[in-house]
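Working notes, structure below.
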Amino acid sequence: MMEMLLRTNLQPKVKLVLAFLFAFNSIVFAQQKIELEGVVKDENGYEVPYAAIGIPSKYLGTATTEDGSFYLQLSESNLSDILEVSSIGYVTYKIKVEDFLKLEEKVLILKEDIVSLDEVNILAPGDYVKNAIKGAKNTSLGTSHQLNMLYRRFSTEAGKSRFLVEHYIKVLDRGLTSPQYARVEVAEGRKSADYRFIKDKYPGHQVLNVANTNPFRKGINQKSYNWKKIGDSSYDGEDIVIIEGKGKKNKWRWIKLYIGVDTKGIYKIESSNLNSVWIYKKGPNGKLILSYHNRVWAKDKPINKMQQRLLNTSSDKVPVSYRHEAFVLGVETNKKKIKIGNYEGYKKDMGDIEIKYNPNFWNNFSIPPETAFYKKSVKELESIYGVPLESQFQSVNK
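For the sequence shown, our numbering puts the final residue at 463, and the numbers step up evenly by one.
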């Protein structure tokens, strides 16, 4: 009897304690997540694309989209940290995270940086390239580190998007002096319905080509190009020279290198091969790490009579393209915390890799804002059979 009374008296108290703990944990969890969303513009009101934005001291960040917008998830512990926005040609913008959250209008204005190179110290274009190659070990992060990135590929046929694959990837990298990535793991993934008629396959995840197609990582044969200085700019207070190399034999080949005058670091690389671009940002120790990459593979592919009818064309060829985009969202340098498993991605096309679908991950993931190109591509995907992209994700991914 006494035992029953004790249980009866304790039950309301236990429920009250459990309710309090649940509420407390909910509050703590809610406080852990901070969402930063806004737009980066210049003084004339134009959006600044692919600017690095984040907390360099902690390897946290992302890049603005082609429309200048950004989205970044942080935790409550980052409130007093300094948020930095840097882009070639502009003065680096700095603001406390807590001060950014107080802004009524989440628009960050970058001021143009005035470049005034000392004519006495200007080198020959080829010498800038030579110095950048020699100094790469000192200017880029060369020790083993993990890149956490969002990798996205849109497949198009006849100018219309027909397939989307998105992966959250962990990459083991050793910087600009290494010709390829050491290891790759697809941690999360999702894809749309596949409406393609021409299914080109690539033997291996296309993220491997972020490194493999980089002309600097492949090794630049300086004697194969005619070098010319085509412009000046700046990055984070350092003057930059823009050096263009045009192929001596293959006139259509070119590369552009954005080189720091003082540090000799490579801040940006552009290449005629796949119309590619690589943008780098500074880490906490000043070493340069990849921030953003995109490239486009395009080709006219032959089609049969059946495909002609399906695509509603009389041509025996159709333009096909893959648009690749990679956002580096974080970097891990602590070897004890680097965890990258081997997987089948070295053998399969990224569209064929089966990853267990985790809707909760994608609903809480720091995905960059939808750009005009992304919205257009999604609209095209949805218009084929009238199925919303979210419904495609749910039905296709298991």
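Cβ coordinates follow ideal geometry from the N, Cα and C atoms, glycine included.
Exercise. How many angstroms separate the CA atom of Phe94 from the CA atom of Lys159?
Worked result: Because Phe94 sits at a pLDDT of 42, beneath the cut-off of 50, its placement in the model cannot be relied upon, and the following sentence gives the value as read from the coordinates. In a straight line, the C-alpha of Phe94 is about 28 Å away from that of Lys159.
Exercise. Is Gln271 helix, strand or coil when you go by DSSP?
Worked result: coil
Problem set entry | Inter-residue Cα distance where the pair is Ala247 and Asp238 | 6 Å
Problem set entry | Start and end residues, beta strand (DSSP E) containing Tyr332 | Ile331 to Ser336
Exercise. Is the Cβ-Cβ distance between Val251 and Ile405 less than 7 Å?
Worked result: no
Problem set entry | Delimiting residues of the alpha helix (DSSP H) encompassing Ser448 | Ala437 to Tyr450
Exercise. How would you call Leu353, buried or exposed, if buried means at least 16 neighbouring beta carbons within 10 angstroms?
Worked result: buried
Exercise. For Ala437, which residues of its own chain have a beta-carbon under 7 Å away from its beta-carbon, when the five flanking residues on both sides are left out?
Worked result: Asp132
Exercise. Taking the alpha-carbon positions, what's the Asp107 to Val156 distance?
Worked result: 10 Å
Problem set entry | Neighbour-count burial assignment, Phe317, 16 or more Cβ in a 10 Å radius | Rather than Phe, the amino acid found at residue 317 in this sequence is Trp. Counting Cβ neighbours within 10 Å, Trp317 comes out exposed, since fewer than 16 surround it.
For this session: Would you give the residue range spanned by the alpha helix (DSSP H) that Asn196 belongs to?
Result: Pro190 to Thr204
Exercise. Between which two residues does the alpha helix (DSSP H) carrying Leu166 extend?
Worked result: Val162 to Lys167
Exercise. According to DSSP, which residues form a beta bridge with Arg248?
Worked result: Leu237
For this session: For Lys311, I'd like the list of residues in its chain whose CB is within less than 8 Å of its CB, leaving aside the five on either flank, ordered along the chain.
Result: Tyr290, Asn291, Lys293, Arg318 and Trp319
Exercise. From this set, Phe262, Asn429 and Tyr357, which residue's C-alpha is nearest Ser386's C-alpha?
Worked result: Phe262
Problem set entry | Cα-Cα separation between Gly119 and Leu175, rounded to whole angstroms | 15 Å
For this session: Look at Tyr124 and Glu102 and say whether their C-beta atoms are less than 7 Å apart.
Result: no
Problem set entry | Proximal residues to Gly284 (C-beta, below 8 Å), its chain only, five neighbours per side dropped | Pro244
Exercise. Terminal residues of the continuous alpha helix (DSSP H) containing Ser460?
Worked result: Leu454 to Val461
For this session: Following the continuous alpha helix (DSSP H) through Gln373, name the residue where it begins and the one where it ends.
Result: Lys370 to Leu375
Exercise. What first and last residue would you give for the beta strand (DSSP E) that runs through Phe135?
Worked result: Ser134 to Leu139
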